[in-house]
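Here's the structure, in C-alpha cells; my notes come after.
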Amino acid sequence: MIATPDDYAWLTEAADNWCFTYVRGLTPEQVVIRRGGRPEDFTPMTYDELGDAAFSGSSGPGAFIGVTTIGDWAFVIEPDWNGIAEGVIMPLSAGTRLVSHYLMTIKALDYFYWIEDGELRFCFVAQEGYMEEVPDELVETMGRIDSVHSSFSNLHDGPAFLLAERLTGITLTPQLLEESTYLCGVVPEPRSWRMPSPW
Numbered sequence: 122m123i124a125t126p127d128d129y130a131w132l133t134e135a136a137d138n139w140c141f142t143y144v145r146g147l148t149p150e151q152v153v154i155r156r157g158g159r160p161e162d163f164t165p166m167t168y169d170e171l172g173d174a175a176f177s178g179s180s181g182p183g184a185f186i187g188v189t190t191i192g193d194w195a196f197v198i199e200p201d202w203n204g205i206a207e208g209v210i211m212p213l214s215a216g217t218r219l220v221s222h223y224l225m226t227i228k229a230l231d232y233f234y235w236i237e238d239g240e241l242r243f244c245f246v247a248q249e250g251y252m253e254e255v256p257d258e259l260v261e262t263m264g265r266i267d268s269v270h271s272s273f274s275n276l277h278d279g280p281a282f283l284l285a286e287r288l289t290g291i292t293l294t295p296q297l298l299e300e301s302t303y304l305c306g307v308v309p310e311p312r313s314w315r316m317p318s319p320w
C-alpha cells in the first residue's frame, strides 16, 4: 500500500515542536560525536523518558537529543529547531544522505531539508514554500502531495513524513517511535541559527 499525506495525520501532535533527523549509515554514537557530544555521557531512554528529560530543564546547558537506529539509518529526535541549523546538518551530512524536518504547528513554522554530503537537494522553508526545482527522485511523491494539499500547505499535515519516507524508506509509526530505545544526552548548541536556503 502506498502512503498518502493523510496517513501521517496522527503524527501532527507527536511531532509538534520537535525536529526529526535521519542520517544514513551512521551509528547513534557517530551522530553524537559529529554533533560534538561524548557518547560515554549519554544514557539509554525510552520515548517517554526522552520527552520528559528534554523539557525538564535538568539536562544542563546545550541541546538535548535522542538517537536510535532504524535499519541503516540513525534517527535523531530533539526539541526546537537546533537540528535544522546550517552549522548542524551540513557537517552531519558529510559523506552521506541526511533528511531533517522541524514542525511548529501553532506558528506554521515548518521546515524540511534533504542534503547529500553537504549539498542541499530539496527543501521546504516556512513562509517561502518548496524549493522550485524538484529532483527526479521526488517528482512522483510531490505529485501525490499536490493532489491532496496546496503548494503552501503545512508540512505537519503529512507531506514532511511522506517526503522523508520516500528518501529514507522509513515509515514512522506510533510503535516505532514508542518502542525504540534512544541514546540520550546533551550536545553543544549551534553557533548560529542560520538555516540552509536556496534563495
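First residue of the sequence shown: 122, per the numbering used here; consecutive thereafter.
Ideal Cβ positions, reconstructed from N, Cα and C, are used throughout, including at glycine.
Report the rounded CA-to-CA distance for MET316 versus GLY146, giving the unit in angstroms. Position 195 of the sequence shown, counted from the first residue, corresponds to residue 316. Position 25 of the sequence shown, counted from the first residue, corresponds to residue 146. Cα to Cα, the separation comes out at about 24 Å.
Give me, in chain order, the residues of the same chain whose beta-carbon lies closer than 6 Å to that of SER313; leave out the 5 immediate sequence neighbours on both sides. As a position in the sequence shown, residue 313 is number 192, starting the count at 1. These residues qualify, in order along the chain: GLY208.
Among PHE233, ASP201, GLU237, PRO149, which one has its Cα closest to the Cα of PRO212? Along the sequence shown, one-based indexing puts residue 212 at 91. The shortest C-alpha separation from PRO212 is found at GLU237.
Paired residues, beta bridge with ARG145 - DSSP: Sequence index remark: in the sequence shown, residue 145 carries index 24 (1-based). For ARG145, which the question treats as bridged, DSSP gives the partners TRP194.
From this set, VAL188, LEU259, GLY264, which residue's C-alpha is nearest GLU170's C-alpha? To locate residue 170, count along the sequence shown from 1; it is residue 49. Answer by Cα proximity: VAL188.
Residues near ARG242 by beta carbon distance below 7 Å, same chain, minus five either side: Locating residue 242 in the sequence shown gives position 121, where the first residue counts as 1. Closer than 7 Å at Cβ, skipping near neighbours: TRP235, ILE236, PRO256.
Within the same chain, show all residues whose beta-carbon is closer than 6 Å to that of ARG218, passing over the 5 residues directly before and after it, in chain order. Position 97 of the sequence shown, counted from the start, is the residue given in the question as residue 218. These residues qualify, in order along the chain: ARG145, GLU237.
I'd like the list of long-range same chain contacts for THR142, defined as Cβ closer than 6 Å, with 5 residues on each side in sequence excluded. Along the sequence shown, one-based indexing puts residue 142 at 21. So the list reads VAL197, GLY204, SER221, once near-sequence residues are dropped.
Residue nearest to GLY250 in terms of C-alpha spacing, selected from VAL260, GLU261, ASP231: On the sequence shown, position 129 is the one that residue 250 refers to. Comparing Cα-Cα distances from GLY250 to each of VAL260, GLU261, ASP231, the minimum goes to ASP231.
Which of helix, strand or coil DSSP assigns to MET211: Here the question's residue 211 lines up with position 90 in the sequence shown. Looking at MET211 - three-state DSSP - the assignment turns out to be helix.
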